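Just below is one structure, and these are the notes that go with it.
Numbering (UniProt numbering), first residue to last: 1 to 341.
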């Protein structure tokens, strides 16, 4: 018999409902106990989509029912306070990205968890994107040679959609993923330059960030809601070749379509062949079979950590370092200068 960890979720908006609940519910070593939400509409959605999963008014009420871990998927400005509440209840905590609104808050949150002896991690699910895993494989087997430039984009065409306060703006929302991925692949950065744009009186909806990594790689990162001609998701250039991946990882599409790892089994995260990237050495490129995307591995790893059977999937200090870069990017965009870290 597999020992199952009692798990809860705080928030049932788009993030909680689409990106967290199906993955929590699919984990074999998790018993999905309940969702914290006081909205009658959200409670009805929980009852409809998650039979047998209860709803609760507070984290304390969830903890009183024996939950050992909780994921927080609420507006960004509420992450820190809710995480502290969960830490004080002695629960292992997963905080959705953006981890916090700034590096100081993120740093204090990690320190609070460490002083309390409570495990804390961050939902950086895009570390397990199919295309990112494929890039790591190509780097490891030498297909690209020494990496010179890493280009990464999350661009969409929705000019009528202004970023809401829930995400903290596009730099904080998309940037949390893009910077984390760049740091995972290429190590720490020591210089940041950024350009950030947005409507008057509104949050930013378009940005460019350039990172110079201490190892010599240059990362160029774009995020936008108003890019009518989105560029390739990744273009990675090395001394031996260039890999181009055209589209965003397929797992988001699957979740939005109501699919889950529990429903698809081993077909979860498998990219259709027409979505594979290509490895170029000159004018023509050859397709590269995409690695299987593994968002489904995150919550089982958290549960295993609760049971003392492995490490947490994401070190929260990684997210503090990413927040430091996001803070520097905002300063760079405001002053028009390159910021040294």
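Idealized CB from N, CA, C, for every residue including glycine.
Remember, predicted model here, so these are calculated numbers, not experimental data.
Cβ atoms of residue j and residue i: under 8 Å apart, would you say?
i: residue 151; j: residue 280; result: no
i: residue 129; j: residue 171; result: no
i: residue 33; j: residue 46; result: no
i: residue 217; j: residue 197; result: no
i: residue 295; j: residue 125; result: yes
i: residue 90; j: residue 110; result: no
i: residue 144; j: residue 238; result: yes
i: residue 168; j: residue 106; result: no
i: residue 211; j: residue 182; result: yes
i: residue 184; j: residue 127; result: yes
i: residue 231; j: residue 269; result: no
i: residue 341; j: residue 190; result: yes
Taking residue i as the reference, give the member of the options with the closest Cα.
i: residue 71; options: 52, 50, 259 and 97; result: 97
i: residue 333; options: 227, 158, 208 and 321; result: 208
i: residue 161; options: 140, 199 and 132; result: 199
i: residue 277; options: 36, 214 and 138; result: 138
i: residue 177; options: 196, 193, 153 and 187; result: 153
i: residue 376; options: 331, 55, 322 and 301; result: Nothing about residue 376 can be reported from this structure: the residues present for the chain run from 1 to 341 only.
i: residue 18; options: 258, 220, 48 and 60; result: 258
i: residue 284; options: 319, 244 and 127; result: 244
i: residue 156; options: 296, 297, 202 and 247; result: 247
i: residue 320; options: 118, 179, 295 and 136; result: 179
i: residue 13; options: 265, 136, 236 and 44; result: 44
i: residue 99; options: 92, 61, 79 and 116; result: 79
i: residue 60; options: 9, 48, 190 and 184; result: 9
i: residue 92; options: 123, 190 and 267; result: 123
Using the rule of at least 16 other Cβ atoms within 10 Å of the residue's Cβ for burial, across every protein chain shown, is residue i buried or exposed?
i: residue 342; result: This structure does not reach residue 342, given that the chain is present from 1 up to 341, and the question cannot be answered.
i: residue 58; result: exposed
i: residue 242; result: buried
i: residue 142; result: exposed
i: residue 25; result: buried
i: residue 274; result: exposed
i: residue 104; result: exposed
i: residue 64; result: exposed
i: residue 261; result: buried
i: residue 313; result: buried
i: residue 325; result: buried
i: residue 73; result: buried
i: residue 323; result: buried
i: residue 336; result: exposed
i: residue 81; result: exposed
i: residue 228; result: exposed
i: residue 83; result: buried
i: residue 135; result: buried
i: residue 39; result: exposed
i: residue 253; result: exposed
i: residue 308; result: exposed
i: residue 15; result: buried
Looking only at its own chain, which residues have a Cβ that is under 8 Å from the Cβ of residue i, when we skip the five neighbours before and after it?
i: residue 272; result: 250
i: residue 315; result: 121
i: residue 50; result: 21, 25, 32 and 35
i: residue 3; result: 29 and 307
Just list the residues that DSSP pairs residue i with in beta bridges.
i: residue 287; result: 278
i: residue 195; result: 208
i: residue 30; result: 5
i: residue 55; result: 35
i: residue 154; result: 223
i: residue 123; result: 96
i: residue 243; result: 236 and 279
i: residue 367; result: Residue 367 cannot be examined here, being either before or after the span of the chain that is shown, 1 to 341.
i: residue 346; result: The structure shown has nothing for residue 346, since the chain only spans 1 to 341.
i: residue 189; result: 213
i: residue 340; result: 191
So, for residue i: in the same chain, excluding its five sequence neighbours on each side, which residues have a beta-carbon less than 6 Å away from its beta-carbon?
i: residue 158; result: 225
i: residue 68; result: 5, 6 and 306
i: residue 113; result: 87 and 120
i: residue 133; result: 291
i: residue 339; result: 192, 328, 331 and 332
i: residue 343; result: Given a span of 1 to 341 for the chain in the structure shown, any question on residue 343 remains unanswerable.
i: residue 188; result: 214
i: residue 56; result: 34, 36 and 62
i: residue 219; result: 150, 182 and 211
Sorted by chain position, which residues of the same chain lie with C-beta nearer than 7 Å to residue i's C-beta, five sequence neighbours on each side aside?
i: residue 304; result: 29 and 310
i: residue 195; result: 207, 208 and 333
i: residue 174; result: 154 and 223
i: residue 131; result: 233, 234, 245, 249, 277 and 290
i: residue 42; result: 12
i: residue 299; result: 23, 24, 27 and 30
i: residue 286; result: 278 and 279
i: residue 146; result: 238 and 239
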